[in-house]
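Sequence order for the protein chains is R and L.
Residues in the first sequence are numbered consecutively from 42, following the numbering used here.
Residues in the second sequence are numbered consecutively from 947, following the numbering used here.
Cβ coordinates follow ideal geometry from the N, Cα and C atoms, glycine included.
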Amino acid sequence: GESVGLHLPTLSVQEGDNSIINCAYSNSASDYFIWYKQESGKGPQFIIDIRSNMDKRQGQRVTVLLNKTVKHLSLQIAATQPGDSAVYFCAETVLNTGFQKLVFGTGTRLLVSP
Amino acid sequence: EAGVTQFPSHSVIEKGQTVTLRCDPISGHDNLYWYRRVMGKEIKFLLHFVKESKQDESGMPNNRFLAERTGGTYSTLKVQPAELEDSGVYFCASSYGGGSTEAFFGQGTRLTVV
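Written out as structure tokens, the structure reads:
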């Protein structure tokens, strides 16, 4: 069946370091991937997405890498700040006329120490 | 512009009771989704509305769950009768449609069944 998994449940970094959060997916048909950030008491917040016809996409301080050969997705956060502390989820879906049925991973908690 | 809002933010009910969760999507968003996260596990898809029609309810766990979206605006998710395993955080999300790929999540309703 479909599954999206994460290698590490918790990642602790120092402020200013770069963070890398990894994710594995199993559905070869997935063509759209999203990273979400969830802070305590809030819902998942969109960070960055990537389509399967790309292998890298950059945003502000964040980069998503997609390796379709090994079905691996990663989120890189540059110069991590205390405000980046949250749970990060990867999600995958098969796009179909704007419809999104997201399959989420279990989440990685990022802890940033000052 | 108001985001996706969910009511209540927390609910504690006894096993066997009925609870109704409400979601108000972003105005103009045709697509409305319900997801839930059981403690320690991944966020899982429950169902998807396009306007007032159920597009996909493959994630609904059983017939104790009933979702409605009368008039294509807000949606309710009723659990009757509630069981202990229904405890978790229920998220609602909405998206514009017409090829839009970004879904916006509400803050969630934390349901505790005791």
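Counted within 10 angstroms of its Cβ, other Cβ atoms place H994 of chain L as buried (16 or more) or exposed: Here residue 994 of chain L is taken as the residue at index 48 of the second sequence, counted from 1. Looking at its Cβ environment, which holds 16 or more other Cβ atoms inside 10 Å, H994 of chain L is buried.
Buried or exposed (CB count within 10 angstroms, at least 16 for buried), G986 of chain L: Locating residue 986 of chain L in the second sequence gives position 40, where the first residue counts as 1. Answer is exposed; the Cβ neighbour count stays below 16.
Could you tell me which whole alpha helix (DSSP H) segments of length 4 or greater appear in the segment 57-131 of chain R? none
Which of helix, strand or coil does DSSP assign to E1031 of chain L? The sequence position of residue 1031 of chain L within the second sequence is 85, counting from 1. Helix at E1031 of chain L.
Closest residue to F1011 of chain L among L:H956, L:Y1036, L:S999 (Cα-Cα distance): In the second sequence, the residue the question calls residue 1011 of chain L occupies position 65. When each option's Cα is compared against that of F1011 of chain L, the closest is L:Y1036.
Using a 10 Å radius around the Cβ and a threshold of 16 neighbouring Cβ atoms, would you call T121 of chain R buried or exposed? Sequence index remark: in the first sequence, residue 121 of chain R carries index 80 (1-based). It counts as buried.
Could you tell me whether the Cβ atoms of V1059 of chain L and I959 of chain L are closer together than 8 angstroms? Along the second sequence, read from residue 1 onward, the residue named residue 1059 of chain L stands at position 113. Along the second sequence, read from residue 1 onward, the residue named residue 959 of chain L stands at position 13. Yes; because the gap between Cβ atoms is below 8 angstroms, this pair is in contact.
Less than 8 angstroms between the beta carbons of V153 of chain R and E80 of chain R, yes or no? What you label residue 153 of chain R is simply residue 112 of the first sequence in a count that begins at 1. What you label residue 80 of chain R is simply residue 39 of the first sequence in a count that begins at 1. No. Outside cutoff.
Starting from the C-beta of R1056 of chain L, find all residues in its chain whose C-beta is less than 6 angstroms away, skip the five residues before and the five after it, and write them out in chain order. Translated into positions along the second sequence, residue 1056 of chain L becomes position 110. Counting only Cβ-Cβ distances below 6 angstroms, and skipping sequence neighbours, we find H956, V1035.
According to DSSP, is T1019 of chain L part of a helix, a strand, or is it coil? As a first step, residue 1019 of chain L must be located in the second sequence, where it is residue number 73. Coil at T1019 of chain L, not helix or strand.
Taking Cβ to Cβ, would you say V135 of chain R is nearer than 8 angstroms to A70 of chain R? Reading the first sequence from its first residue, position 94 is the one you call residue 135 of chain R. Reading the first sequence from its first residue, position 29 is the one you call residue 70 of chain R. Yes, the Cβ-Cβ distance between V135 of chain R and A70 of chain R is below 8 angstroms.
Is there a C-beta anywhere in chain R that falls below 8 angstroms from the one on Y1036 of chain L? In the second sequence, the residue the question calls residue 1036 of chain L occupies position 90. Chain R, which has no Cβ nearer than 8 angstroms to the Cβ of Y1036 of chain L, makes this no.
Checking contacts by CB at 8 angstroms: is F87 of chain R closer than that to chain L? The sequence position of residue 87 of chain R within the first sequence is 46, counting from 1. So, interface residue.
Under 8 angstroms between the Cβ atoms of L107 of chain R and I91 of chain R? Position 66 of the first sequence, counted from the start, is the residue given in the question as residue 107 of chain R. Position 50 of the first sequence, counted from the start, is the residue given in the question as residue 91 of chain R. Against a cut-off of 8 angstroms, the Cβ pair of I91 of chain R and L107 of chain R comes out as a contact.
Determine the extent of the beta strand (DSSP E) in which L967 of chain L is found, giving its start and end residues. Here residue 967 of chain L refers to the residue found at position 21 of the second sequence. L967 of chain L -> beta strand (DSSP E) spans 965-970.
Is it true that the CB of T51 of chain R sits closer than 8 angstroms to the CB of T149 of chain R? As a working mapping, residue 149 of chain R is identified with position 108 in the first sequence. As a working mapping, residue 51 of chain R is identified with position 10 in the first sequence. Yes. Within cutoff.
Expressed to the nearest angstrom, what Euclidean distance is found between the alpha-carbon atoms of V965 of chain L and P155 of chain R? Taking the first residue of the second sequence as position 1, residue 965 of chain L is located at position 19. Taking the first residue of the first sequence as position 1, residue 155 of chain R is located at position 114. Each residue's alpha carbon lies about 42 angstroms from the other.
From S1021 of chain L to S115 of chain R, what distance separates their C-alpha atoms? One-based indexing of the second sequence puts residue 1021 of chain L at position 75. One-based indexing of the first sequence puts residue 115 of chain R at position 74. Those two C-alpha atoms are separated by around 34 angstroms.
Which of helix, strand or coil does DSSP assign to E1014 of chain L? Taking the first residue of the second sequence as 1, we reach residue 1014 of chain L at position 68. DSSP places E1014 of chain L in strand when its eight states are reduced to three.
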